[in-house]
Amino acid sequence: MAVESYTVFLEGLLSSGRLTLNRDSFTCTYHDSCYLGRHNDIYDPPRSLIGAAGGRIVEMVKNRNEGFCCSAGGGRILAEEKLGERINVKRVEMAVVTAAPILLSNCPFCLTMFEDGVKGADVEEILQPRDIAEVLADRL
């Protein structure tokens, strides 16, 4: 049995006409998760889904194969940094620079890190982390 990301699966349903979405315009930035992006070289299906839902993506400086980790990998989701910068806050700050009000991801670990990161960067009022699946569910 083959296993694939929900973004690849849903993009296939969308392409075949078996899934239709109500387009509702919004602006966002998208975070390429390490596993889907750099480990599996999958960058376009999530962006296609966002576009089909009415999204306009403002890319962060570090994206696709040059993306920046959310800091959850390697068990870091459970660690508390004592020295230096918090990587999740740094990534959230990169998203803030785009001026997009929504930070989308396809990874639950990334989403957890960004929910914490917006608090750490004190930008909860201007940036909302969401999963692509949430945006799609709103448009069914």
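Each step along the sequence shown adds one to the number in UniProt numbering, with nothing skipped, and position 4 is 4.
Glycine included, every Cβ here is placed at the ideal spot set by N, Cα and C.
Small disclaimer: the values here were computed from a predicted structure and weren't measured.
So, at 7 Å on beta carbons, what are the nonlocal neighbours of residue i in its own chain, with the 5 sequence-adjacent residues on each side left out?
{"i": "GLU124", "result": "VAL118"}
{"i": "TYR6", "result": "ALA133"}
{"i": "TYR30", "result": "PRO46, ARG47, ILE50, ILE57, LEU104"}
{"i": "GLU11", "result": "PRO45, SER48, LEU49"}
{"i": "PHE26", "result": "GLY54, GLY55, ILE102"}
{"i": "VAL89", "result": "GLY117, GLY120, ALA121"}
Give me the Cβ distance between residue i and residue j, rounded to the nearest whole Å; I'm assuming they're in contact under 8 Å.
{"i": "LEU14", "j": "ALA72", "result": "At roughly 28 Å, the Cβ-Cβ gap does not stay under 8 Å, so LEU14 and ALA72 are not in contact."}
{"i": "CYS28", "j": "ALA100", "result": "5 Å"}
{"i": "ARG130", "j": "ILE87", "result": "That belief does not hold up - the Cβ atoms of ARG130 and ILE87 are roughly 20 Å apart, past 8 Å."}
Can you give me the C-alpha to C-alpha distance between residue i and residue j, rounded to a whole angstrom?
{"i": "residue 161", "j": "CYS110", "result": "As shown, the chain starts at 1 and ends at 140. That puts residue 161 outside it, with no answer to give."}
{"i": "VAL97", "j": "ILE57", "result": "13 Å"}
{"i": "residue 204", "j": "ALA95", "result": "Residue numbering for the chain in the displayed model covers 1 to 140; residue 204 lies beyond these limits and cannot be assessed."}
{"i": "THR112", "j": "CYS69", "result": "13 Å"}
{"i": "ASN63", "j": "TYR43", "result": "9 Å"}
{"i": "GLY116", "j": "GLN128", "result": "Note on residue identity: the sequence assigns Asp, not Gly, to residue 116. The alpha-carbon atoms of ASP116 and GLN128 are separated by roughly 11 Å."}
{"i": "VAL135", "j": "LEU36", "result": "18 Å"}
{"i": "MET1", "j": "GLU93", "result": "40 Å"}
{"i": "SER16", "j": "PHE9", "result": "11 Å"}
{"i": "CYS34", "j": "ALA121", "result": "22 Å"}
{"i": "ASN65", "j": "CYS107", "result": "16 Å"}
{"i": "ASN40", "j": "GLU85", "result": "28 Å"}
Alpha helix (DSSP H) containing residue i: first to last residue?
{"i": "PHE114", "result": "108-120"}
{"i": "PRO46", "result": "44-52"}
{"i": "ILE132", "result": "132-138"}
{"i": "SER15", "result": "6-16"}
{"i": "ILE87", "result": "87-97"}
Would you kindly check if the distance between the Cβ of residue j and the Cβ of residue i is under 9 Å?
{"i": "residue 159", "j": "GLY54", "result": "Not covered by the structure: residue 159. The range shown for the chain is 1 to 140."}
Short of 6 Å in beta carbon distance, which residues of its chain neighbour residue i, apart from the five on each side in sequence? Order them along the chain.
{"i": "GLY67", "result": "ASP32, GLY37"}
{"i": "residue 142", "result": "No statement about residue 142 is possible, as the shown extent of the chain runs from 1 to 140 and does not include it."}
{"i": "LEU21", "result": "ALA52, ALA53, ARG139"}
What residue range is occupied by the uninterrupted beta strand (DSSP E) comprising residue i?
{"i": "ARG38", "result": "Careful: ARG38 lies outside any beta strand (DSSP E) and carries neither H nor E."}
{"i": "ARG56", "result": "55-57"}
Below 8 Å CB to CB, which residues in the same chain sit around residue i once its five sequence neighbours on both sides are set aside?
{"i": "ILE126", "result": "VAL96, PRO101"}
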